[in-house]
Amino acid sequence: MKGIILAGGSGTRLYPLTTVTSKQLLPVYDKPMIYYPLSVLMMAGIRDILIISTPSDLPNFERLLRDGSDYGVNLSYAVQPSPDGLAQAFVIGEEFAGGEPCALVLGDNIFYGNGLGRHLRRAVENAETKGLATVFGYHVDDPERFGVVEFDSDFNAVSIEEKPEHPKSSYAVTGLYFYPGDVCARAKRGVPSARGELEITDLNRMYLEDGLLSVVTLGRGYAWLDTGTMESLHEAGEFVRAVERSQDMPVSVLEEIAYENGWIDRETLSACAERYGKSEYGRHLKRVAAGEFVNQSAQY
1 MKGIILAGGS GTRLYPLTTV TSKQLLPVYD KPMIYYPLSV LMMAGIRDIL IISTPSDLPN
61 FERLLRDGSD YGVNLSYAVQ PSPDGLAQAF VIGEEFAGGE PCALVLGDNI FYGNGLGRHL
121 RRAVENAETK GLATVFGYHV DDPERFGVVE FDSDFNAVSI EEKPEHPKSS YAVTGLYFYP
181 GDVCARAKRG VPSARGELEI TDLNRMYLED GLLSVVTLGR GYAWLDTGTM ESLHEAGEFV
241 RAVERSQDMP VSVLEEIAYE NGWIDRETLS ACAERYGKSE YGRHLKRVAA GEFVNQSAQY
């Protein structure tokens with residue numbers, strides 16, 4: 001399975017912070033924002049990843065992440081000339097996907113929770129072996145801001161609406177999607193909405209109407225953070241800080257995930273740690289290389 005991170009947009013709600021830099025390069029406590037969605041794809045076992053961003057911002061992502069070899073992944077880059085909807089990622093990434101199952105995660109979304117990795121790997125398996133798409137629902141107090149999924153009495157998804165005036169539930173569809181190999185073809189068949197965008201909700205509805213959409217709800221013990229506003233950006237930083245201080249170890253450490261997945265060896269991990277100098281991030285990698293932590297992958 002392949003993965004796409006959509007890190008485009010102008011981030012106008014965060015001006016002046018994003019006047020000269022991408023929102024997804026802003027810090028969320030101790031790491032660039034894009035580390036968090038990238039870690040999600042890595043936890044799912046995905047190693048071929050395409051990052052899509054604006055023409056002006058893309059070189060900065062390439063300078064930060066390079067070819068991905070430090071993290072045991074293969075990174076590619078593509079330009080989104082204009083923000084014409086989330087489903088546009090599959091039009092831009094059609095050649096990259098090559099007809100294979102593909103996941104999409106939004107560059108400003110953060111996911112956290114014990115056992116999250118099991119949900120992710122099951123979504124990968126369903127796309128690869130059963131032709132099923134998977135999205136994740138999360139209970140929110142302002143569902144009218146999101147795509148909203150409606151359930152029947154047996155908690156089966158029966159409809160999805162984009163930013164409804166009168167939501168039929170309080171479950172928002174998060175910015176993480178897993179699709180089978182026909183996703184690019186379906187995205188290309190989509191019709192732009194009234195605001196001129198290829199809506200991801202329309203793509204999800206195609207799978208739902210064909211009986212090929214699995215909706216997994218993330219309940220108590222999980223956190224989903226959308227960092228698109230100043231307040232939510234601050235809250236995300238505070239959340240990550242609280243989690244890391246409570247367990248005395250950072251989260252979404254890309255090299256650590258790669259090491260525990262067996263994608264890089266101890267020598268590569270140690271070399272990466274040295275490059276981070278005296279930072280807490282670098283010190284943590286040195287401790288991981290020294291075997292001071294129990295393998296965390298079981299908790300993913």
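Heads up: the sequence shown is residues 1 to 300, going by full-length UniProt numbering. Glycine is no exception: its CB is placed at the ideal position from the N, C-alpha and C atoms. As the structure is a computational prediction, the values presented were derived from the model and not from experiment.
Within the same chain, Thr134 and Phe178 come within 6 Å of alanine 123 by CB-CB distance, once the 5 residues on both sides are set aside. Distance check between arginine 195 and each of Lys163, Ala185, Val216 and Leu212 places Lys163 closest, using alpha-carbon atoms only. The count of Cβ pairs closer than 8 Å, one atom from the stretch 48 to 66 and one from the stretch 157 to 173, stays below three, leaving the stretches out of contact. Distance from the CA atom of leucine 75 to the CA atom of aspartate 152, rounded to whole angstroms, is 40 Å. Leucine 17 is classed as exposed because its beta carbon has fewer than 16 other beta carbons within 10 Å across all chains shown. Residue pairing by DSSP places glutamate 161 opposite Val148 in a beta bridge. Per DSSP, the unbroken beta strand (DSSP E) holding phenylalanine 178 starts and ends at 171 to 179. Of the candidates Ile34, Gly72 and Gly113, Ile34 places its Cα closest to the Cα of leucine 106. A straight-line Cα-Cα distance of about 43 Å links histidine 139 and glutamate 267. Put simply, the backbone Cα of phenylalanine 155 is about 34 Å away from that of isoleucine 51. Segment contact: the stretch 223 to 233 against the stretch 19 to 38, three or more CB-CB distances shorter than 8 Å; contact assigned. Counting every other CB atom within 10 Å of its CB across the protein chains shown gives glutamine 80 a total of 16 or more, marking it as buried.
By the Cβ test, the stretch 84 to 102 is not in contact with the stretch 283 to 290, since fewer than three Cβ pairs between them sit closer than 8 Å. Look at the stretch 174 to 253 and you find these whole runs of beta strand (DSSP E), each 3 residues long or longer: 213 to 218 and 222 to 226. The three-state reading of DSSP puts valine 20 in coil, since its state is none of H, G, I, E or B.
Distances from the alpha-carbon of glutamate 165 to those of Ala157, Gly3, Val158 and Gly147 put Gly147 closest.
Nearest to phenylalanine 293 by C-alpha distance, out of Cys272, Trp263 and Ile257, is Ile257.
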